[in-house]
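Undergrad:
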Amino acid sequence: MKDTYEPYVTEDGRQIGGVLMEMKNITLRFGGVVAIKDISFDIREGEIRAIIGPNGAGKSSMLNVISGFYHPQEGEVWFKGEKRKPMKPYQVAQQGVARTFQNIALFEGMSVLDNVMTGRLTHMKSNLLQQVMWWGGAEKEETANRERVEKIIDFLEIQHIRKTPVGRLPYGLKKRVELARALAAEPMLLLLDEPMAGMNVEEKEDMSRFILDVNDEFGTTIALIEHDMGVVMDLSDRVVVMDYGKKIGDGTPDEVRSNQDVIDAYLGVSHD
Amino acid sequence: MPDQLLFGMEVALNGLMAGVLYALVALGFVLIYKASGIFNYAQGVMALFAALTLVGIMEGQVPFAHLINAIFGTKIHHLGTPIPEMLDPDVTIAYFNTEGAGWISWLLGGIGNFFIWPINNFDIVLALIFTVFVMIALAWAVQRFIFRHLVNQEPIILFMATIGLAYLLEGVGELMWGAEVKTLNVGLPRGIAEGVESVTEGWFGYGFFLSRLDIVAAVIAAVLVTALTLFSQYSKQGRALRAVADDHQAALSVGISLNFIWILVWSIAGFVALVAGVVWGASSGVQFSLSLIALKALPVLMLGGFTSIPGAIVGGLIIGVGEKLFDFLMNPIIGGATENWFAYVLALIFLIFRPQGLFGEKIIERV
Ligand SMILES: Nc1ncnc2c1ncn2[C@@H]1O[C@H](COP(=O)(O)OP(=O)(O)O)[C@@H](O)[C@H]1O
Ligand SMILES: [Mg+2]
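Chains as they are written, first to last, in our numbering: chain G, 25 to 296; chain B, 5 to 371.
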């Protein structure tokens with residue numbers, strides 16, 4: 025299935041299209057440390073693509089390359105069929121790639137609503153003068169942005185904390201707010217770095233459900249990093265496995281599970 | 005009412021007016037510090053530079069005239085037409101004249117004049133707009149040639165860079181516009197506000213002496229602060245600015261260019277500096293001591309906190325009123341110029357009990 029690139033429909037009825045993003049022979053070094061060694065893989069429209077691997081394998085680095093936070097020494101990034109120039113993170117975001125962080129990066133001093141609202145910045149077109157004069161569709165735009173934000177807040181079931189300053193929220197809810205902010209951008213590609221790390225079982229189940237629903241209802245393509253094999257196998261359409269900066273497996277969950285290199289990597293290291 | 009109390013009230017009111025200006029200068033600091041973690045020592049020099057530029061443009065001075073003359077052996081100094089003369093003086097619409105009238109007509113007259121001023125002084129408005137562009141260009145240059153190269157450096161290094169910037173800017177200002185003391189006449193009213201005097205005379209039997217310039221300065225500052233607050237709360241760029249002030253990484257991930265926001269915030273700080281420079285320069289002339297107003301902002305920041313806009317405003321007012329009142333009450337007893345040190349001592353005492361400032365969050369050390 026993964027080699028044909030014909031559009032197809034998954035067992036649960038979701039549409040998977042052509043290649044949205046492709047990483048070609050990416051190598052990333054930090055001084056002497058090679059965080060990513062010559063890795064290639066692609067992400068197809070509409071799919072949930074997982075990147076897994078033990079701690080320090082280079083998963084976050086890969087996500088940072090995609091989102092423009094890190095710049096690889098070698099290799100190419102292709103997006104929507106075009107080779108991407110080296111880009112700043114804000115430029116990548118403006119292209120329709122939203123993300124969350126392993127260590128949560130929220131605006132701690134702002135309310136939940138304000139945080140999610142900043143996710144709409146790339147959609148705010150009116151200039152300052154128009155906003156002041158409330159002309160040229162500025163009002164319509166503001167209303168549309170608010171509606172979208174409220175919809176996402178409802179969707180992720182965080183209405184009850186809309187006005188709460190984010191700094192006061194517990195960890196699990198912060199992760200959810202961060203997801204809400206990323207979703208507010210209506211991204212083409214959503215990158216999630218360990219969305220379930222540090223959560224209890226119930227929170228993990230909620231988050232898994234949200235990820236599936238986002239993909240299903242909004243048709244958003246999702247690339248996510250996860251530590252926990254079990255969760256990943258349930259969620260994703262295809263999986264990339266990394267170990268020590270190298271790709272050691274790539275395929276459907278079943279294919280990956282039976283891959284000897286992957287089994288070795290996961291048995292050979294203690295995963296917390 | 006006892007005389008002593010009325011004197012005290014008059015002194016406090018005067019202090020309030022001075023405090024507004026302190027608040028304005030402190031505001032410039034807070035904006036840059038919040039958005040980029042840079043403590044901008046050059047804020048005072050920026051006020052000087054802005055005022056110098058405004059005067060230079062209004063007088064039709066040729067920038068860098070000395071330099072040009074030295075290199076090319078020319079003798080240029082001014083353009084043919086100073087900008088204030090470019091316009092026909094006949095366009096002047098009469099100001100509302102409400103002196104000596106009751107306080108309602110006095111207030112209405114004040115508001116009316118506030119809106120008529122730009123029409124009467126269209127030439128000055130033009131010069132102001134020009135100066136704003138120069139300040140924006142300065143903001144861009146500061147970001148492009150200095151701070152872009154210092155991203156992720158220690159705060160102390162950024163601070164040192166602003167000290168360098170302060171002296172550089174002072175030198176450039178002098179090179180561009182000359183070193184002589186200049187008077188800045190932007191048509192702001194002068195003298196004692198007779199309206200206030202007559203109204204308070206009617207109320208208390210004692211007329212308060214307030215300078216008209218101080219009142220106008222307070223109104224301008226209030227308008228500026230309101231505009232800035234609305235901007236940061238409701239505009240796209242204001243939202244982005246608050247985001248950058250809160251978390252750089254998160255701001256990047258929602259598509260905000262840090263570079264753009266930093267240029268924006270330096271431009272706003274430049275604009276605030278221009279307003280402070282104009283008001284201060286109008287009362288005491290444009291000279292290099294103007295850059296020392298930065299020193300007045302320091303105790304305000306210690307009081308109000310380095311990251312709080314309301315803190316800067318309230319801190320400025322407290323220091324303004326406090327220093328005038330303290331001088332009024334204590335000068336007869338201890339003598340000397342208490343205004344020189346009072347603000348710092350007040351700030352120091354405050355620091356000891358509330359190091360995070362008036363509005364800062366309490367800092368709790370996690371161990
Ligand atoms: N900004 C950085 N500077 C230096 N080394 C880094 C940086 N980011 C990641 N690394 C290194 O790259 C390797 C991979 O890290 P990371 O991508 O965070 O792994 P993972 O997310 O799979 O746990 C590690 O050895 C880490 O120390
Ligand atoms: Mg990681």
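For glycine and all other residues, C-beta sits at the position ideal for the given N, C-alpha and C.
Is DSSP giving I80/B helix, strand or coil here?
TA: As a first step, residue 80/B must be located in the second sequence, where it is residue number 76. Here I80/B sits in coil by DSSP.
Undergrad: Could you tell me the alpha carbon to alpha carbon distance between L355/B and L28/B, rounded to whole angstroms?
TA: Within the second sequence, the letter at position 351 stands for residue 355/B. Within the second sequence, the letter at position 24 stands for residue 28/B. Spanning the two alpha carbons is a distance of roughly 21 Å.
Undergrad: May I ask you to check if the CB of I249/G is nearer than 8 Å to at least one heavy atom of ligand 1?
TA: In the first sequence, the residue the question calls residue 249/G occupies position 225. Yes; taking the cut-off as 8 Å, the Cβ of I249/G has a heavy atom of ligand 1 nearer than that.
Undergrad: Go ahead and pull the three-state DSSP assignment for S271/B.
TA: Locating residue 271/B in the second sequence gives position 267, counting from the first residue. In the structure shown, S271/B sits in a helix (DSSP, three-state: H, G or I).
Undergrad: Could you check how far apart the C-beta atoms of L248/G and I235/G are, in whole angstroms? I think they sit under 8 Å.
TA: Walking along the first sequence from the start, residue 248/G turns up at place 224. Walking along the first sequence from the start, residue 235/G turns up at place 211. With a Cβ gap of about 7 Å, L248/G and I235/G count as contacting.
Undergrad: Does chain G have any CB closer than 9 Å to the CB of Q253/B?
TA: To locate residue 253/B, count along the second sequence from 1; it is residue 249. Interface residue, yes.
Undergrad: Alpha carbon to alpha carbon, what distance is there between V238/G and P78/G?
TA: On the first sequence, position 54 is the one that residue 78/G refers to. On the first sequence, position 214 is the one that residue 238/G refers to. The straight-line gap from Cα to Cα measures roughly 26 Å.
Undergrad: Please go through the same chain and pick out, in chain order, the residues whose beta-carbon is closer than 7 Å to the beta-carbon of D278/G, but skip the five residues on each side of it.
TA: Counting from one through the first sequence, the residue named residue 278/G turns up at place 254. Nothing meets the Cβ criterion.
Undergrad: Indicate whether at least one CB of chain B lies closer than 9 Å to the CB of D230/G.
TA: Along the first sequence, read from residue 1 onward, the residue named residue 230/G stands at position 206. Not one chain B Cβ lies under 9 Å of D230/G.
Undergrad: Output the boundary residues of the beta strand (DSSP E) element that contains M45/G.
TA: Position 21 of the first sequence, counting from 1, holds the residue named residue 45/G. Element bounds for M45/G: 43-54.
Undergrad: Going by alpha carbons, who is nearest to F357/B out of F275/B, S215/B, M306/B, V318/B?
TA: Position 353 of the second sequence holds residue 357/B. Of the candidates F275/B, S215/B, M306/B, V318/B, the one whose C-alpha sits nearest the C-alpha of F357/B is M306/B.
Undergrad: Check this for me: beta carbons of V190/B and I133/B, under 9 Å apart or not?
TA: The count along the second sequence starts at 1 and reaches residue 190/B at position 186. The count along the second sequence starts at 1 and reaches residue 133/B at position 129. No. Outside cutoff.
Undergrad: Tell me whether the beta-carbon of I342/G lies closer than 9 Å to the beta-carbon of T51/G.
TA: Coverage of chain G is limited to positions 25 through 296, which leaves residue 342/G absent and any answer about it impossible.
Undergrad: One question on the structure: do T1/B and Y37/B come within less than 9 Å of each other, judged by their Cβ atoms?
TA: It is not possible to answer for residue 1/B, since the shown part of chain B is limited to 5 through 371.
Undergrad: Where I391/B and L333/B are concerned, what is the direct C-alpha to C-alpha distance, given to the nearest angstrom?
TA: Since the first residue shown for chain B is 5 and the last is 371, residue 391/B is missing from the structure and cannot be characterised.
Undergrad: If the cut is a Cβ gap below 9 Å, which residues of chain B does L130/G touch?
TA: Counting from one through the first sequence, the residue named residue 130/G turns up at place 106. Near L130/G (Cβ distances below 9 Å), the residues of chain B are D250, D251, A254.
Undergrad: Count the other CB atoms, across all protein chains shown, that sit within 10 Å of the CB of S239/B; report buried if there are 16 or more and exposed otherwise.
TA: In the second sequence, residue 239/B corresponds to position 235, counting from 1. Buried.
Undergrad: For a contact meaning CB atoms closer than 7 Å, what does Y114/G contact in chain B?
TA: The count along the first sequence starts at 1 and reaches residue 114/G at position 90. L256, G259, I260, S261, listed in chain order.
Undergrad: For the candidate residues S91/G, G222/G, P96/G, whose alpha-carbon lies nearest to that of G55/G?
TA: In the first sequence, counting from the first residue as 1, residue 55/G sits at position 31. Ranking S91/G, G222/G, P96/G by Cα distance to G55/G puts P96/G first.
Undergrad: Compare the beta carbon distance of V269/B and A39/B with 9 Å and say whether it is the shorter of the two.
TA: Within the second sequence, numbered from 1, the residue matching residue 269/B stands at position 265. Within the second sequence, numbered from 1, the residue matching residue 39/B stands at position 35. Yes, Cβ-Cβ distance for V269/B and A39/B is below 9 Å.
Undergrad: Return helix, strand or coil for P194/G, following the three-state DSSP convention.
TA: Position 170 of the first sequence, counting from 1, holds the residue named residue 194/G. Looking at P194/G - three-state DSSP - the assignment turns out to be coil, as it is neither helix nor strand.
Undergrad: For K187/G, which of helix, strand or coil comes out of DSSP?
TA: As a first step, residue 187/G must be located in the first sequence, where it is residue number 163. It is coil, neither helix nor strand.
Undergrad: Is the segment 138-145 of chain G close to the segment 205-222 of chain B, with three or more CB pairs under 8 Å?
TA: Output reads no: the segment 205-222 of chain B does not touch the segment 138-145 of chain G.
Undergrad: Quick one: which unbroken alpha helix (DSSP H) runs of 4-plus residues sit fully inside the segment 131-201 of chain B? Chain order, please.
TA: For the segment 131-201 of chain B, whole alpha helix (DSSP H) runs of length 4 or above, ordered along the chain, are 159-181.
Undergrad: Around ligand 1, which residues pass a check of Cβ closer than 6 Å to any of its heavy atoms?
TA: Result: F54/G, V57/G, A59/G, G77/G, N79/G, G80/G, A81/G, G82/G, K83/G, S84/G, S85/G.
Undergrad: Use the C-beta contact count for D288/G: other C-beta atoms within 10 angstroms, 16 or more gives buried, fewer gives exposed.
TA: Within the first sequence, numbered from 1, the residue matching residue 288/G stands at position 264. Under this definition D288/G is an exposed residue.
Undergrad: What first and last residue would you give for the alpha helix (DSSP H) that runs through F234/G?
TA: Here residue 234/G is taken as the residue at index 210 of the first sequence, counted from 1. From DSSP, the alpha helix (DSSP H) with F234/G extends over 225-237.
Undergrad: Just tell me which of N224/G, A208/G, V89/G, V280/G has its CA closest to the CA of E46/G.
TA: Numbered from its first residue, the first sequence carries residue 46/G at position 22. Of the candidates N224/G, A208/G, V89/G, V280/G, the one whose C-alpha sits nearest the C-alpha of E46/G is V89/G.
Undergrad: Using a cut-off of 7 Å between C-beta atoms, extract the partners of R152/B located in chain G.
TA: Translated into positions along the second sequence, residue 152/B becomes position 148. Neighbours of R152/B on chain G: none; closest Cβ ~12 Å, over 7 Å.
Undergrad: For chain G, is any of its Cβ atoms less than 9 Å away from the one on P359/B?
TA: The sequence position of residue 359/B within the second sequence is 355, counting from 1. Judged by the 9 Å Cβ criterion, P359/B is not in contact with chain G.
Undergrad: Can you tell me whether E109/G is buried or exposed? The criterion is at least 16 other CB atoms within 10 Å of its CB, across all chains shown.
TA: Stepping through the first sequence from its first residue, residue 109/G is reached at position 85. Residue 109/G is actually Lys in this sequence, not Glu. K109/G should be labelled exposed.
Undergrad: Output, in chain order, the set of chain B residues within a Cβ distance shorter than 9 Å of M47/G.
TA: Taking the first residue of the first sequence as 1, we reach residue 47/G at position 23. The premise fails here: M47/G is roughly 19 Å from chain B at the closest Cβ pair, so nothing lies under 9 Å.
Undergrad: Considering just the uninterrupted stretch of the beta strand (DSSP E) at V173/G, what are its terminal residues?
TA: For the purposes of this step, residue 173/G is taken as the residue at position 149 of the first sequence. Segment 162-179 is the alpha helix (DSSP H) holding V173/G; no beta strand (DSSP E) there.
Undergrad: In or out: R152/B buried (at least 16 other Cβ within 10 Å) or exposed?
TA: Translated into positions along the second sequence, residue 152/B becomes position 148. Exposed.
Undergrad: Using the beta-carbon count (16 or more within 10 Å), is W284/B buried or exposed?
TA: For the purposes of this step, residue 284/B is taken as the residue at position 280 of the second sequence. Buried, since its Cβ has 16 or more Cβ neighbours within 10 Å.
Undergrad: Three or more beta-carbon pairs under 8 Å between the segment 193-207 of chain G and the segment 123-140 of chain G, yes or no?
TA: Contact holds: three or more Cβ-Cβ distances are below 8 Å.
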